[in-house]
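J.: My questions all concern the structure below.
Numbering (this note's numbering), first residue to last: 68 to 199.
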């Protein structure tokens, strides 16, 4: 069985490709191109009906959408940095962060290596148990 389908692909492509004038095709009238600059404004304006002045959505729906979008915009903003309360003093959040950082670093130095070692040993035992 011949898996080479180049000939079929060439035939399909030649059927799909438009013929050029060189291939002996008769001259066909060219398609008209719509030029929007030549059209008058009246052709674009739709006929106004009885409800043309009424909005598509109610005020309640519009208000709810605005509230939801405002909440989304607030969530997408980066959090505010700690503010300076008085001359030289930082906020309570900034002060707490400064005081906790050394304690957290000390705790991680003391406990993290043991935690990682236990987890690695457990994973090795799990993998080794599957093989045997």
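Every residue, glycine too, gets a C-beta built ideally from N, C-alpha and C. Quick caveat, the model's predicted, so the values are computed rather than measured.
Would you give the residue range spanned by the alpha helix (DSSP H) that residue 144 belongs to?
T.: Per DSSP, residue 144 belongs to no alpha helix (DSSP H) and is neither H nor E.
J.: Between residue 73 and the rest of its own chain, which residues show a CB-CB distance below 8 Å, the 5 nearest in sequence each way excluded?
T.: Result list for residue 73: empty, nothing under 8 Å.
J.: If we ignore side chains and look at the alpha-carbon of each, how far apart do residue 192 and residue 182 end up?
T.: 15 Å
J.: How would you write the range of the alpha helix (DSSP H) that residue 194 sits in, first residue to last?
T.: DSSP places residue 194 in the uninterrupted alpha helix (DSSP H) bounded by 159-198.
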